[in-house]
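Going by this note's numbering, the first residue of the sequence shown is number 3, and it counts up by one from there. Okay, structure first, notes after.
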Amino acid sequence: MSADREVLIVQELGGFRTLSAHASHWRLRPPEELLLALEAVQSRQARGELEITSGEVATLRGEAPAALCERPLRRALREQGLERSLRTSFDWLVCAPVAYHDDVHAFAEVMLGVWCLASPPRDLLLPRLGLRLPLCPGLCAVFDPGQPHALLPPGQEQPDPMSLSRAQPRGEQLSWFVGFQLDLTPQVARHFRIGRRDHPGDGLVLGPGRTLVGSASGQWQEL
């Protein structure tokens, strides 16, 4: 793919939007009550009540307690002028190392956010943005779901096939997050430098049946 080729995402109501080449990240200390709520979910995982597969992100949609997530996240987003864009449903996300992928098939209309609550040494990689963010309790990151991203051990640029085996990972191998989303309001579009297009021109249009992210390279492949 040519480096100057515009990357686009189809919008549900018609037209296209450009892929954001910007991400936000900051530190936000998790409240003790939220960490206690996490412990209850971790206990479910330890008892085998949650099926978590290596190489995949398990999502407990809408199960993270909004009463404990919304206020601190909205306060942090206020400093960027984005607090009104925060959706009020929050997910538990849990995974072992994850190879490069994008999430444009499920989240074309939002920006994705993750709030790390617990993790072994591991990095969030956004290679096209030149970002490598070490996971630690309190790390928050918001990025375009169309951007290829991965969770890998420190210093590792490509996933180790052994770490992505189908075996059930142990609890200490897991990273735990609150997942949240920002609506694509005009403020969010300005902050993340997202434009609108009526026609794709010669741009690369992301999505199922159009593109695939190479799990080892983090590069798009046209289908």
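Just so you know, even glycine gets a beta-carbon here, dropped at the ideal spot from N, CA and C.
Check: Run through DSSP, which three-state label would Arg76 get?; Outcome: helix
Check: Can you pull the DSSP bridge partners for Thr292?; Outcome: Outside the shown range of the chain (3 to 225) lies residue 292, about which nothing can therefore be said.
Check: Could you tell me the boundaries of the alpha helix (DSSP H) in which Ala48 lies?; Outcome: Glu34 to Ala48
Check: I'd like to confirm the pairing. Which residues does DSSP put opposite His24 in its beta bridges?; Outcome: His24 pairs with nothing; no bridge assigned.
Check: By DSSP, does Ala69 sit in helix, in strand, or in coil?; Outcome: helix
Check: Three or more C-beta pairs closer than 8 Å, one from the stretch 36-52 and one from the stretch 111-122: is that the case here?; Outcome: yes
Check: Which residue wins for smallest C-alpha separation from Asp6, given the options Ala23, Thr61 and Phe18?; Outcome: Ala23
Check: Look at Val215 and Leu153 and say whether their C-beta atoms are less than 8 Å apart.; Outcome: no
Check: Once you ignore the five residues that flank His1 on each side, which residues in its own chain have a CB closer than 6 Å to its CB?; Outcome: For the chain, the structure presents residues 3 to 225; residue 1 sits outside this window and is missing.
Check: Let me know the secondary structure DSSP gives Gln189 once reduced to three states.; Outcome: helix
Check: Is it buried or exposed for Pro147, if we count other Cβ within 10 angstroms and need 16 for buried?; Outcome: buried
Check: With DSSP as the reference, label Arg86 as helix, strand or coil.; Outcome: helix
Check: Going by the beta-carbon positions, is the gap between Leu88 and Arg73 smaller than 8 Å?; Outcome: no
Check: Report the three-state DSSP secondary structure of Pro136 (helix, strand or coil).; Outcome: strand
Check: Is the beta carbon of His151 closer than 8 Å to that of Leu176?; Outcome: no
Check: Put Arg124 into one of helix, strand or coil per three-state DSSP.; Outcome: coil
Check: From Trp178, Ala143, Leu131 and Asp185, pick the residue whose C-alpha is nearest to that of Ala42; which is it?; Outcome: Trp178
Check: So Pro188 and Pro156 are in contact, right, with Cβ under 8 Å, and what is the actual spacing, rounded?; Outcome: So it is not a contact: roughly 38 Å between Cβ atoms.
Check: If you run the structure through DSSP and keep just helix, strand and coil, what is Leu52?; Outcome: coil
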